[in-house]
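In UniProt numbering, the protein residues as written are 1 to 165.
Written out below as structure tokens is the structure these notes cover.
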Amino acid sequence: MPSFDVVSKIDLAELDNAVNQTKKELTTRYDFQGTQADVVVSPDQTVITVKAHSEERVQAAKEVLLAKLAKRNISLRALEFLDIEKTGLHNVKQNIKLQQGIPVDKAKELTRLLKDSKLKVQGSIQSDQLRVTGKNRDDLQAAIALFRKEQDRLKLDMQFTNFRD
Numbered sequence: 001m002p003s004f005d006v007v008s009k010i011d012l013a014e015l016d017n018a019v020n021q022t023k024k025e026l027t028t029r030y031d032f033q034g035t036q037a038d039v040v041v042s043p044d045q046t047v048i049t050v051k052a053h054s055e056e057r058v059q060a061a062k063e064v065l066l067a068k069l070a071k072r073n074i075s076l077r078a079l080e081f082l083d084i085e086k087t088g089l090h091n092v093k094q095n096i097k098l099q100q101g102i103p104v105d106k107a108k109e110l111t112r113l114l115k116d117s118k119l120k121v122q123g124s125i126q127s128d129q130l131r132v133t134g135k136n137r138d139d140l141q142a143a144i145a146l147f148r149k150e151q152d153r154l155k156l157d158m159q160f161t162n163f164r165d
């Protein structure tokens, strides 16, 4: 029976390259001299932290990071921006959560979307991914088109892997 998997993953090597490029640009740019702006990825690679002296510098450093991520083909839909918070000594930081895997509530919404579309396919949730199976290839391709159309509304970055006939 034909099937494919819907996953949401970030290429961690590309993420690391983008963060390193951002750090390098922040150290060389004139407008960041003396601001101690920094971009750090957590050890478990689930959060990026942007730090600086002021909110404006955090926003500017975040813009540089987003540009580098986009150049490296990392979807900005996979990022969740948390509030800017003050740390000690007049510094501020912003955490950016990275989405790895499809959350259960989003997977349920995707399966509901499949049922409402009247396509002859079924979705089954398998931990952090969704497997879609159907009788023919055309229905599966229609399901992929449906998911791509709804990607922005769901605020979910999706890749389609493991397509089997």
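Built from N, CA and C at the ideal position, the CB exists for glycine as well.
Only a predicted model underlies this, so the values are computations on that prediction, with no experimental measurement involved.
Integer-rounded CB distance, given that residue j should sit under 8 Å from residue i
i: LEU12; j: GLN45; result: 6 Å
i: ILE96; j: ILE10; result: That belief does not hold up - the Cβ atoms of ILE96 and ILE10 are roughly 12 Å apart, past 8 Å.
i: GLN94; j: LEU110; result: Wrong, their Cβ atoms sit about 29 Å apart, outside the cutoff.
i: THR28; j: ALA52; result: About 16 Å; that fails the 8 Å criterion.
i: ILE84; j: GLU63; result: Contact flag wrong, Cβ pair sits at about 14 Å.
Beta carbon of residue i nearer than 9 Å to that of residue j
i: GLN151; j: ARG77; result: yes
i: LYS86; j: MET1; result: no
i: PHE163; j: SER3; result: yes
i: LEU156; j: ARG72; result: no
i: ASP31; j: VAL50; result: no
i: VAL19; j: VAL47; result: no
i: ASP139; j: LEU113; result: no
i: VAL6; j: VAL132; result: yes
i: LYS106; j: LEU154; result: yes
Strand pairing of residue i, partner residues [DSSP]
i: LYS97; result: VAL47 and GLU80
i: GLY123; result: VAL132
i: ALA52; result: VAL92
i: LYS86; result: VAL92
The beta strand (DSSP E) enclosing residue i, as first and last residue numbers
i: ARG164; result: 159-164
i: ILE144; result: Counting along the chain, ILE144 falls outside any beta strand (DSSP E), though it belongs to the alpha helix (DSSP H) covering 137-154.
i: ASP38; result: 38-41
Where the alpha helix (DSSP H) containing residue i begins and where it ends
i: ASP116; result: 104-116
i: ASP5; result: Careful: ASP5 lies outside any alpha helix (DSSP H), inside the beta strand (DSSP E) at 3-7.
i: ASP31; result: Taken as a continuous stretch (DSSP letters only), ASP31 belongs to no alpha helix (DSSP H), as it is neither H nor E.
Classification of residue i by the beta-carbon crowding that lies within 10 angstroms, buried from 16 upward
i: GLN129; result: buried
i: LEU65; result: buried
i: THR89; result: The question names Thr, but residue 89 in the sequence shown is Leu. LEU89 is exposed by the Cβ-count criterion.
i: THR22; result: buried
i: GLY101; result: exposed
i: VAL104; result: exposed
i: ALA61; result: buried
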